[in-house]
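Each residue of the sequence shown is one higher than the one before, counting from 1 in our numbering.
In what follows, a single structure is set out as structure tokens and then discussed.
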Amino acid sequence: MRSIQTEKVFLVSFISDALQILPHIVTLPQIDSIFVFNWESINYESLIFEHSKLTGIYNDLDLLCLSIKEQIDFLDRHLKIFSFFDQNEHLTKDLSKHTADLLWFQLYHDVLIQLPYDEEAKQEMIDVCRSYYRDNIKELEMINKFESEYQSEEALQCFYMNNIGTILCKQEKYDEALDYHQQALELQEKYASCHSDITKRLNYIGNILFEKEKYDEALKFYQRVLENQENYYPHDHVDIVTTLNNIGITLRKQQQFDEAIKYYQKALEIQEKYYPSGSTIIANTVNRIGHALYDERKYDAAIDFYRRALSIQEYLHPDGHIQVSYTLGFIGNTLYEQKKYDEALETYRKALTIQEKHHKCPHVGIAKSLNSMGNVLYSQEKYDEAIDFYQRSLTIREQLHPFGDAGIATVLSNIGNALHAQIKYDEALDFYQRALTVREKFGATNHVGIADNLINVGNVLRDQGNFDEAIEFQQRALTILEEKYSSCHEKIADSLNRIGHIHVDQRKYNLAVDCYQRAITILEKCFPSGHVDIAESLQCIGITLHMEGKHDEAVVIFQRALIIYEHFYPSGHENLAQCLVYIAYVLSNQEKYDEAFNLYYRALTFYKKDSSNHLDITICLNNIAQNFKDQSKYDEALDFQQQALTVLKSSSPNDQFSIATKLKDIGSILFQQTKYDESLDFYQQALIIFEEHNPNNHNEIAACLSWIVAILDRQLQFDRAIEYLKKWLLVVEASSPSKDLSITNVFTWLSRVQRRKDQHDLSLTYEQNCFLMRLKLLPPDHVDIGNSLSTIGEIYENLHKPMLALNYYQQALVIYRQCLSSWHYKLRGMEWNIERLSEELGIELDESN
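See below:
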């Protein structure tokens, strides 16, 4: 490069290489323009401002080629020096060998400079053009318009506006750039400039509007470009391809996937006429069709196109090529969305192998593949393995960007996600906070990335029960999104939904519904013809109404969501099945069991079509079991719970928590059937799993112990029951704060079991401890205090101390009268006990009481 002194060099580089080499060569005077191909969609904000010679960063190969061509044309128009370069000899030849060519070129330039530019010269040029185009009506019309309207000052002004607009666009000052290009366009259209110049200007404006995410406006300009091109070219001309792709990309951004595919298909038909069938250009367009199908969630069709592109690339590069790895990545992404995790993992491995062969040193492409593999393992709930891959990805990124990079924030967030899933909230928060710091420092212009990190922090705080803090972070994210986007954007709707979820946790149902309704209003503006996200927000409202006990209203809302799902997923979809489950759940709570069962069964039928839906299958089977259990149809309930357990063990053998929970559910049904031996066996299995795999989940361990105690009590195995009660007491004392009432449950059971053993003194001790705790922590008129007083009275009767018993019964009655209705069985029973003991003791009751 340094040996070249007089030529102007165009440098074209992959972005991953550019990040490393630009600091070393950007100051070389030989380099005129730098073009960067961002195939991997890497964040590149810092490049824009650090390198003034950077012409542009392109995600699309056609746009890159078009930009290079335009820059060449620009230099052709404005440079007066040229040289000859021999690619084989790698040096500039002696120009003296081409004296004639050089002289003619210089003479051409000098003549142009010396030509007069007065009205006479202008008229002479017009007369020559009229003579030349005498048979071309359209050109003659343009000549006449030029003769009457042309002003040289305005032509120069148009030129400068164009250049200023281009510079501003490179600096991402899109509003200012747009203004200059629009003014230049007005002048060009006024003076009937060459159609290609107008087309370029329209394209510039369309590109700027696209970058500003004003897709409707961008589309109008691209359509005008297409109209111009079709007026001057045959409908299948190769120059139209880029415009067709621009329209397709814009329609894809608008989620008009079918329309986007139509334009991609037109582009592909033209390319197949101009290029051989094994062309990389054709493979790129085939991949674009795959992207649209992927976004449309038509994953099988998407994979067909990706594999078609892959076949072309592998034919061209049988030993592997970096572009092959990219297409393998697309296939891996699609398999991942289909929950075909093992296949996705293997595909990512193939891509990684090619990348490691192609890139001999740490490379961002390798980091991305490692991150994708981590995502698969995360979805398989193999969180430790996922973290290992994320850490490897993070190490590479930190080597490439020791002072930080927005990509580092993405990986830090992924590690946070895995820790969050492991209920390691404090560690997760630490990684999310680190990611947020990186985003704010190195991706300050990436407002959406910052908002995503704030959302992650808010999610953890919500799971920790820190609802006020969680809302604060979610609100900060919402503010950023509202500043970044127009009021009509689905990310704003998603943020509102998240705030609504927290309000539900706080039981502030009206506030929650308000957030969900605001989200729906935004989505209906974004998607006037409907969208599945609208159905999801409707479901949130339905769930909230159900929690408020407004079951009929909830069903109506769920039905609205169902109609949307059935419209967009006529062949069925897991979201549609989930909506059926919600409706069935509400109907079941309304005791409309047959209707509920039919809906559950429809959902289950869909879920069973794909084994990857194993979690949904398990939930649906569990709900059906509960439906039968509520009807006391225990045999049917047991059958569906057994099915759910079988699915869990086969599909998620490592999910020991869910397996243990299912064992508990089966134990509960067997308990209802008074099959105590079998019930005990299932609860003991569950207890062993919880103690081994979830030793810190004290609530589940305590629940198992409580059911085992209840079973042993029914079996009159009081000594064994006391053994488990002591274990239960240790668990509660170790895990519960001093003001937690859960310990009173253990005291109540200890009192009960000792009383059934005729150990009334011990029973009294436990019940009095229970009473003192309740008296300390509960309101004085709470029913549980009345219950303790009643039980103590019963124990004193068993100890043959009727006066003390009567005293406690009377205290219990006072509380029952304050908190229970006059016909409640406890109140009536207490009145009968007092009357009975008073008669036995010969005490006359005070009728006023």
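Every residue gets a Cβ at the ideal spot worked out from N, C-alpha and C, and that includes glycine.
Pair within 8 Å by beta-carbon distance, L741 and L777: Stepping through the sequence shown from its first residue, residue 741 is reached at position 741. Stepping through the sequence shown from its first residue, residue 777 is reached at position 777. Yes, the Cβ-Cβ distance between L741 and L777 is below 8 Å.
Beta-carbon separation (whole angstroms), Y383 vs A421, contact threshold 8 Å: As a working note, residue 383 is residue 383 in the sequence shown. As a working note, residue 421 is residue 421 in the sequence shown. Between Y383 and A421, the beta carbon gap of about 6 Å places them in contact (Cβ cut-off 8 Å).
Residues near H531 by beta carbon distance below 7 Å, same chain, minus five either side: Residue mapping note: residue 531 aligns to position 531 of the sequence shown, counting from 1. Contacts found: L523.
Beta-carbon spacing of I624, Y593 below 8 Å: Counted from its first residue, the sequence shown places residue 624 at position 624. Counted from its first residue, the sequence shown places residue 593 at position 593. Result no, Cβ atoms of I624 and Y593 do not sit closer than 8 Å.
Nearest-angstrom Cα separation, counted from G290 out to L328: Along the sequence shown, one-based indexing puts residue 328 at 328. Along the sequence shown, one-based indexing puts residue 290 at 290. Put simply, the backbone Cα of L328 is about 12 Å away from that of G290.
Straight-line gap, H698 to S311 (C-alpha atoms, nearest Å): Numbered from its first residue, the sequence shown carries residue 698 at position 698. Numbered from its first residue, the sequence shown carries residue 311 at position 311. About 55 Å.
DSSP-derived helix/strand/coil call for S393: Position 393 of the sequence shown holds residue 393. DSSP places S393 in helix when its eight states are reduced to three.
Test item: CB-CB of I492 and Q474 under 8 Å: By one-based count along the sequence shown, residue 492 stands at place 492. By one-based count along the sequence shown, residue 474 stands at place 474. Cβ atoms of I492 and Q474: not closer than 8 Å.
Which of helix, strand or coil DSSP assigns to S33: For the purposes of this step, residue 33 is taken as residue 33 along the sequence shown, with counting starting at 1. Looking at S33 - three-state DSSP - the assignment turns out to be strand.
Every unbroken alpha helix (DSSP H) inside the region 275 to 309 [4 residues or more]: Counting only runs of 4 or more, we get 280 to 295.
Entirely enclosed alpha helix (DSSP H) segments - the region 395 to 474, minimum 4 residues: For the region 395 to 474, the continuous alpha helix (DSSP H) assignments of 4+ residues that do not extend past its boundaries occur at 406 to 421, 425 to 442 and 447 to 463, in sequence order.
Proximity winner among L293, Q313 and E314, relative to D304 (alpha-carbon distances): Taking the first residue of the sequence shown as position 1, residue 304 is located at position 304. Looking at the Cα atoms, L293 is the closest of the given residues.
Nearest to I387 (by Cα), restricted to the options L400, F403 and V411: Locating residue 387 in the sequence shown gives position 387, counting from the first residue. Of the residues L400, F403 and V411, the one whose Cα lies closest to the Cα of I387 is V411.
Contacting residues, own chain, Cβ-Cβ under 6 Å from A309 (five flanking each side not counted): As a first step, residue 309 must be located in the sequence shown, where it is residue number 309. Around A309: A283, V286, N287 and T327.
Coarse secondary structure for I843, derived from DSSP in three states: By 1-based counting over the sequence shown, the position of residue 843 is 843. Of the three classes helix, strand and coil, the one that applies to I843 here is coil, per DSSP.
At least three beta-carbon pairs within less than 8 Å, the region 605 to 614 to the region 624 to 642: Segments in contact, no.
DSSP three-state assignment for S860, whether helix, strand or coil: Only positions 1 to 849 of the chain appear in this structure, which leaves residue 860 out of reach.
Limits of the alpha helix (DSSP H) - the one that P802 falls within: Residue mapping note: residue 802 aligns to position 802 of the sequence shown, counting from 1. It spans P802 to C819 - the alpha helix (DSSP H) in which P802 sits, taken as one unbroken run.
Same chain, Cβ closer than 6 Å to I689, five either side skipped, listed in chain order: By one-based count along the sequence shown, residue 689 stands at place 689. Within the same chain, Cβ atoms closer than 6 Å to the Cβ of I689 are found at Q656 and A660, the five residues on either side in sequence being excluded.
DSSP bridge partner residues for I57 (one or two, in chain order): Here residue 57 is taken as the residue at index 57 of the sequence shown, counted from 1. According to DSSP, I57 bridges with V36.
Helix, strand or coil at S571 according to DSSP, with G and I counted as helix: For the purposes of this step, residue 571 is taken as residue 571 along the sequence shown, with counting starting at 1. S571: coil per DSSP, three-state reduction.
N- and C-terminal bounds of the alpha helix (DSSP H) containing E691: The residue given as residue 691 occupies position 691 in the sequence shown. Y676 to H693 is the span of the alpha helix (DSSP H), which, as asked, contains E691.
Short Cβ contact (8 Å threshold) for L345 with V364: In the sequence shown, the residue the question calls residue 345 occupies position 345. In the sequence shown, the residue the question calls residue 364 occupies position 364. No, the Cβ-Cβ distance between L345 and V364 is not below 8 Å.
Residue range of the unbroken alpha helix (DSSP H) whose run includes K525: Residue numbering aside, residue 525 sits at position 525 when the sequence shown is read from its first letter. Here the alpha helix (DSSP H) through K525 covers Y509 to C526.
Straight-line gap, F14 to H359 (C-alpha atoms, nearest Å): Indexing the sequence shown from 1 puts residue 14 at position 14. Indexing the sequence shown from 1 puts residue 359 at position 359. Taking the straight line from one Cα to the other gives about 12 Å.
Proximity below 8 Å, CB of Y816 to CB of M830: Position 816 of the sequence shown, counting from 1, holds the residue named residue 816. Position 830 of the sequence shown, counting from 1, holds the residue named residue 830. In this structure, Y816 lies near M830, with their beta-carbon atoms less than 8 Å apart.
Status (buried if at least 16 other CB within 10 Å, exposed otherwise) for Q810: As a working mapping, residue 810 is identified with position 810 in the sequence shown. Classification for Q810: buried.
First through last residue of the alpha helix (DSSP H) which encompasses E337: Position 337 of the sequence shown, counted from the first residue, corresponds to residue 337. E337 -> alpha helix (DSSP H) spans I322 to E337.
E272 in three-state terms, based on DSSP: Along the sequence shown, read from residue 1 onward, the residue named residue 272 stands at position 272. Helix, per DSSP.
Cβ-based burial, H760 [other Cβ within 10 Å; buried from 16]: Taking the sequence shown and counting its residues from 1, the one referred to as residue 760 is at position 760. So H760 ends up on the buried side.
Residue environment, Q323, which counts as buried when at least 16 other CB atoms sit within 10 Å: Sequence index remark: in the sequence shown, residue 323 carries index 323 (1-based). Answer is buried; the Cβ neighbour count reaches 16.
Straight-line gap, L621 to T646 (C-alpha atoms, nearest Å): Looking up residue 621 in the sequence shown gives position 621. Looking up residue 646 in the sequence shown gives position 646. Spanning the two alpha carbons is a distance of roughly 11 Å.
For T243 and F210, believed in contact at Cβ under 8 Å, the rounded distance: Locating residue 210 in the sequence shown gives position 210, counting from the first residue. Locating residue 243 in the sequence shown gives position 243, counting from the first residue. F210 to T243, Cβ: 13 Å. No contact.
N745 versus K757, C770 and T765, residue with shortest Cα-Cα distance: The residue labelled residue 745 in the question sits at position 745 within the sequence shown. Of the candidates K757, C770 and T765, the one whose C-alpha sits nearest the C-alpha of N745 is C770.
Euclidean distance between Cα positions of D713 and S679: Position 713 of the sequence shown, counted from the start, is the residue given in the question as residue 713. Position 679 of the sequence shown, counted from the start, is the residue given in the question as residue 679. When rounded, the distance between both Cα atoms is 13 Å.
As assigned by DSSP and simplified to three states, the class of N833: Counted from its first residue, the sequence shown places residue 833 at position 833. In the structure shown, N833 sits in a helix (DSSP, three-state: H, G or I).
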